[in-house]
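Below you'll find the structure, written out as structure tokens, and then a few comments.
There are 2 protein chains.
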Amino acid sequence: MYNILVVDDDKEIVNAIEIYLSQEGYHIIKAYDGEEALEKLKENEIHLIILDIMMPNKDGIETLQEIRKDKTIPVIMLSAKSEDYDKIAGLNTGADDYVTKPFSPLELIARVKSNIRRYVDFSHANDTNGKNKNQKEKVLKTGTLEMNDETKKVMVDGKDIKLTATEYNILKFLLENKGKVYSIEQIYENVWNEESYGAENIIAVHIRHIREKIEINPKDPKYLKVIWGIGYKVEDIQ
Amino acid sequence: MYNILVVDDDKEIVNAIEIYLSQEGYHIIKAYDGEEALEKLKENEIHLIILDIMMPNKDGIETLQEIRKDKTIPVIMLSAKSEDYDKIAGLNTGADDYVTKPFSPLELIARVKSNIRRYVDFSHANDTNGKNKNQKEKVLKTGTLEMNDETKKVMVDGKDIKLTATEYNILKFLLENKGKVYSIEQIYENVWNEESYGAENIIAVHIRHIREKIEINPKDPKYLKVIWGIGYKVEDIQ
DNA sequence: TCCCTTTTTTTAGGAATCCTTAATAAAAAA
DNA sequence: TTTTTTATTAAGGATTCCTAAAAAAAGGGA
Chain X
-6 MYNILVVDDD KEIVNAIEIY LSQEGYHIIK AYDGEEALEK LKENEIHLII
44 LDIMMPNKDG IETLQEIRKD KTIPVIMLSA KSEDYDKIAG LNTGADDYVT
94 KPFSPLELIA RVKSNIRRYV DFSHANDTNG KNKNQKEKVL KTGTLEMNDE
144 TKKVMVDGKD IKLTATEYNI LKFLLENKGK VYSIEQIYEN VWNEESYGAE
194 NIIAVHIRHI REKIEINPKD PKYLKVIWGI GYKVEDIQ
Chain C
-6 MYNILVVDDD KEIVNAIEIY LSQEGYHIIK AYDGEEALEK LKENEIHLII
44 LDIMMPNKDG IETLQEIRKD KTIPVIMLSA KSEDYDKIAG LNTGADDYVT
94 KPFSPLELIA RVKSNIRRYV DFSHANDTNG KNKNQKEKVL KTGTLEMNDE
144 TKKVMVDGKD IKLTATEYNI LKFLLENKGK VYSIEQIYEN VWNEESYGAE
194 NIIAVHIRHI REKIEINPKD PKYLKVIWGI GYKVEDIQ
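The listed protein sequences derive, respectively, from chains X and C.
Numbering-wise (my numbering), the first sequence opens with residue -6 and increments by one.
Numbering-wise (my numbering), the second sequence opens with residue -6 and increments by one.
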């Protein structure tokens, strides 16, 4: 079975997580600060890490950066509700997912399962060719539209495009899944990490802004297309 | 259908909740304190729990902690007005959601549905073999008719077909069950997720539209056939 | 901290597209 | 032929999407 490293200075939370996840058949290894986490990571074979952001000694973001120097295992960040700055910082430094406290046990379980599945699926899928798919593709591309997720630069026809954070995230999500059609709800839930609740126009507005920036003729989009009654997609162009 | 355990010492509230939720097709099991709740939980297969925080004998938080020792089903906490301390305490001890009293029936129903959708529908689907059973086959096919449910593309003889959302859903339903014959009522109920109520022509109209798009000769359909007096089917062709 | 700028969300109106209804025609069964 | 069932057609009414602009929130610099 899989070993999960749980890192949080709040012992109650660590214990609670242990209860939830061990019921699902995972084996839990605990750490209470960043330093300890790095030690445990060396000593054990870990398949996934749950990492709190606010911690003494070495906080979650620093710890994550250390981890990422030589590991690509999935990391789920834990952050207190309102510190969404941390969310972004965490995600930009290599987290695979995040969960806000207080969190629902089932949500945590779902995310753990999903991240493990993705990780395991990918690592089995590509023994043959040299490229490691665990390292997510950093440059996303369709037609003449390019997005470099490391530098956060977006280009169309070789020209720089300046997107806002939200616009970037929406485009990134659709570009990572180019060709596939997603409903407004799905887009919202994937980009905001929250349940969508009547947030339909928000997407429409951002879509329009993105189109204004990446499309030659926003009224007849080449990349960001609507599938009437179903959702949106980014066209997959060779 | 789903069984919901409702726990509150106020019988009126329990009865009110029963009325709301049974109208939505849920089966309600009642308990009036924490001890009773734990008993009912042992005796029945419960899919979701609605749990009041303030109760005699054993309060909601204690009860929740007991539950969490060996169950991971979704729990929605009920808390009086503004005691948001309880909310947080409840969530940190493993609640998945909470609703404050007084609550609107619609809000409660929405949260129940959302929690069941997120955590119950999917959880049992992929235990046995590697493949997720909920993940239906992505590409549906019969003869030269192909449907890709990820890209929402439909092709006949290699040519793109543009269907509307409803047409797509009808064809998808019949294609997922190719060869089988469904009555107009069954098609309506499966595609609209509502009781069919004399809405017979609707299907006929859509069927005609689909035929116009996918059939060479709509009057003598090759794929979408009528079984006179019984219903429609999509022919299963190798 | 406050102010200014930028970004995000909300609101509202209009436009495009699709769904449903209803009426009639055609086909199959009785 | 009569009855029942399905097919066809066309027009409102309803959805869904687009657009603009203003309000609200977030970010940045003094």
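Using N, Cα and C, we set each Cβ at its ideal position, and we do this for glycine too.
Quiz item: Using the beta-carbon of each residue, which ones in chain X are nearer than 9 Å to C:Ala30?
Solution: The residue you call residue 30 of chain C lines up with position 37 of the second sequence. Chain X residues near C:Ala30: none, gap ~18 Å exceeds 9 Å.
Quiz item: Quick one, are the C-beta atoms of C:Ile109 and C:Asp90 less than 7 Å apart?
Solution: Position 116 of the second sequence, counting from 1, holds the residue named residue 109 of chain C. Position 97 of the second sequence, counting from 1, holds the residue named residue 90 of chain C. Going by C-beta atoms, C:Ile109 is not nearer than 7 Å to C:Asp90.
Exercise. Say whether the stretch 23 to 31 of chain C touches the stretch 214 to 222 of chain X, bearing in mind that this needs 3 or more beta-carbon pairs closer than 8 Å, one atom from each stretch.
Key: No, the stretch 23 to 31 of chain C is not in contact with the stretch 214 to 222 of chain X.
Quiz prompt | Counterpart residues of C:His20 in DSSP-defined beta bridges | solution = For the purposes of this step, residue 20 of chain C is taken as residue 27 along the second sequence, with counting starting at 1. Answer is C:Asn(-4).
Exercise. Could you name the residues that DSSP lists as bridge partners for X:Ala103?
Key: As a first step, residue 103 of chain X must be located in the first sequence, where it is residue number 110. In DSSP, X:Ala103 forms no bridge with anything.
Self-check item: the stretch 3 to 11 of chain C in contact with the stretch 188 to 205 of chain X per 3-pair CB rule at 8 Å
Solution: no
Quiz item: Hey, C:Gly172 and C:Lys226 are a contact pair by Cβ (cut 8 Å); roughly how many whole angstroms apart?
Solution: As a working mapping, residue 172 of chain C is identified with position 179 in the second sequence. As a working mapping, residue 226 of chain C is identified with position 233 in the second sequence. Between C:Lys226 and C:Gly172 the Cβ distance is about 6 Å, and since that is below 8 Å, they are a contact.
Quiz item: Tell me, which residues are paired with C:Lys146 by DSSP?
Solution: Working through the second sequence from its first residue, we reach residue 146 of chain C at position 153. C:Lys146 is bridged to C:Asn141.
Quiz prompt | Interface residues of chain C facing X:Lys155 [CB-CB closer than 7 Å] | solution = In the first sequence, counting from the first residue as 1, residue 155 of chain X sits at position 162. Within chain C, no residue comes near X:Lys155; the closest Cβ sits about 30 Å away, beyond 7 Å.
Quiz item: Taking 7 Å as the CB-CB cut-off, is X:Lys146 touching chain C?
Solution: Mapped onto the first sequence, residue 146 of chain X falls at position 153. No, no contact with chain C.
Quiz prompt | Residue ranges of each beta strand (DSSP E) within the stretch 137 to 211 of chain C, 3 or longer | solution = 138 to 141, 146 to 149 and 152 to 154
Quiz prompt | Contacting positions in the stretch 5 to 20 of chain X - beta carbon closer than 9 Å to chain C | solution = Glu5, Ile6, Ala9, Ile12, Tyr13, Gln16 and Glu17
Quiz item: Would you call the CB atoms of X:Leu99 and C:Pro67 closer than 7 Å?
Solution: For the purposes of this step, residue 99 of chain X is taken as residue 106 along the first sequence, with counting starting at 1. For the purposes of this step, residue 67 of chain C is taken as residue 74 along the second sequence, with counting starting at 1. Going by C-beta atoms, X:Leu99 is nearer than 7 Å to C:Pro67.
Quiz item: Does the beta carbon of X:Pro308 sit closer than 7 Å to a beta carbon anywhere in chain C?
Solution: Residue 308 of chain X lies beyond the stretch modelled for chain X, which goes from -6 to 231, so this question has no answer here.
Practice problem: For my contact list, C:Ile21 and C:Ile(-3) are in at a C-beta cut-off of 8 Å; report their separation, rounded to the angstrom. | Solution: What you label residue 21 of chain C is simply residue 28 of the second sequence in a count that begins at 1. What you label residue -3 of chain C is simply residue 4 of the second sequence in a count that begins at 1. With a Cβ gap of about 6 Å, C:Ile21 and C:Ile(-3) count as contacting.
Self-check item: Where X:Val68 sits in the DSSP three-state scheme
Solution: Here residue 68 of chain X refers to the residue found at position 75 when the first sequence is read from its first residue. Correct three-state label for X:Val68: strand.
Self-check item: Beta-carbon neighbours of X:Ile223, restricted to chain C and to distances below 8 Å
Solution: Taking the first sequence and counting its residues from 1, the one referred to as residue 223 of chain X is at position 230. Those within 8 Å of X:Ile223 in chain C are Lys145, Ala158 and Tyr161.
Practice problem: Identify the contact partners of X:Lys173 in chain C, using a Cβ-Cβ distance below 7 Å as the criterion. | Solution: Reading the first sequence from its first residue, position 180 is the one you call residue 173 of chain X. Result: Glu143 and Thr144.
Practice problem: Could you confirm whether any beta carbon from chain X is found closer than 7 Å to the beta carbon of C:Tyr112? | Solution: The residue you call residue 112 of chain C lines up with position 119 of the second sequence. Output row for C:Tyr112: interface = yes.
Self-check item: Cα-Cα separation, C:Asn125 to X:Arg104
Solution: As a working mapping, residue 125 of chain C is identified with position 132 in the second sequence. As a working mapping, residue 104 of chain X is identified with position 111 in the first sequence. Here the model assigns C:Asn125 a pLDDT of 42, short of 50, so the residue's position is not dependable and the matter cannot be decided.
Quiz item: How long is the line joining the alpha carbons of X:Lys131 and X:Gln231, rounded to whole angstroms?
Solution: Looking up residue 131 of chain X in the first sequence gives position 138. Looking up residue 231 of chain X in the first sequence gives position 238. Those two C-alpha atoms are separated by around 18 Å.
Quiz item: Taking only beta-carbon atoms, is C:Thr65 less than 7 Å away from chain X?
Solution: The sequence position of residue 65 of chain C within the second sequence is 72, counting from 1. C:Thr65 counts as touching chain X.
Quiz item: For X:Thr112, which of helix, strand or coil comes out of DSSP?
Solution: In the first sequence, counting from the first residue as 1, residue 112 of chain X sits at position 119. Looking at the sequence itself, residue 112 of chain X is Tyr, so the reference to Thr does not match. Note: X:Tyr112 maps to helix in three-state DSSP.
Quiz item: Nearest chain X C-beta to C:Lys226 closer than 7 Å, yes or no?
Solution: Stepping through the second sequence from its first residue, residue 226 of chain C is reached at position 233. It does not: the Cβ of C:Lys226 has no partner Cβ on chain X nearer than 7 Å.
Quiz item: Since C:Arg61 meets chain X, which of its residues come closer than 9 Å, beta carbon to beta carbon?
Solution: Here residue 61 of chain C corresponds to residue number 68 of the second sequence, with the count starting at 1. Per Cβ cutoff of 9 Å: Ala9, Ile12, Tyr13, Gln16 and Pro98.
Quiz prompt | C:Ile54, DSSP secondary structure in three states | solution = If you number the second sequence from 1, residue 54 of chain C lands on position 61. Helix.
Quiz item: If we ignore side chains and look at the alpha-carbon of each, how far apart do C:Asn37 and C:Asn186 end up?
Solution: The count along the second sequence starts at 1 and reaches residue 37 of chain C at position 44. The count along the second sequence starts at 1 and reaches residue 186 of chain C at position 193. Rounded to the nearest angstrom, the two C-alpha atoms are 28 Å apart.
Quiz item: With C-beta atoms as the reference, is C:Leu57 less than 7 Å away from C:Gly87?
Solution: On the second sequence, position 64 is the one that residue 57 of chain C refers to. On the second sequence, position 94 is the one that residue 87 of chain C refers to. Result yes, Cβ atoms of C:Leu57 and C:Gly87 sit closer than 7 Å.
Quiz item: Nearest chain C C-beta to X:Lys39 closer than 7 Å, yes or no?
Solution: Here residue 39 of chain X refers to the residue found at position 46 when the first sequence is read from its first residue. In the sequence as displayed, the identity of residue 39 of chain X is Ile instead of Lys. No, X:Ile39 does not count as interfacial toward chain C.
Practice problem: Taking C-beta pairs closer than 7 Å, name the residues in chain X that C:Asp90 reaches, listed in chain order. | Solution: Locating residue 90 of chain C in the second sequence gives position 97, counting from the first residue. Within 7 Å Cβ-Cβ: Ser97.
Quiz item: Which of the three DSSP states, helix, strand or coil, is assigned to X:Ala9?
Solution: Within the first sequence, the letter at position 16 stands for residue 9 of chain X. Helix at X:Ala9.
Quiz item: Under a three-way DSSP split, which group does X:Ile60 fall into?
Solution: The residue given as residue 60 of chain X occupies position 67 in the first sequence. Here X:Ile60 carries a helix assignment [DSSP, helix/strand/coil].
Self-check item: Limits of the unbroken beta strand (DSSP E) element including C:Gly224
Solution: Here the question's residue 224 of chain C lines up with position 231 in the second sequence. Gly224 to Val227 is the extent of the beta strand (DSSP E) around C:Gly224.
Quiz item: So which of X:Asn210, X:Ala197 and X:Arg201 has the shortest CA-CA distance to X:Glu178?
Solution: If you number the first sequence from 1, residue 178 of chain X lands on position 185. Per the Cα distances, X:Ala197.
Exercise. Would you kindly check if the distance between the Cβ of C:Val184 and the Cβ of C:Ile316 is under 7 Å?
Key: This structure gives no information on residue 316 of chain C, because the portion of chain C shown stretches from -6 to 231.
Quiz item: Are the Cβ atoms of X:Tyr233 and X:Tyr(-5) separated by less than 7 Å?
Solution: Look at the range of chain X in this structure, -6 to 231, and you will see that residue 233 of chain X is not part of it.
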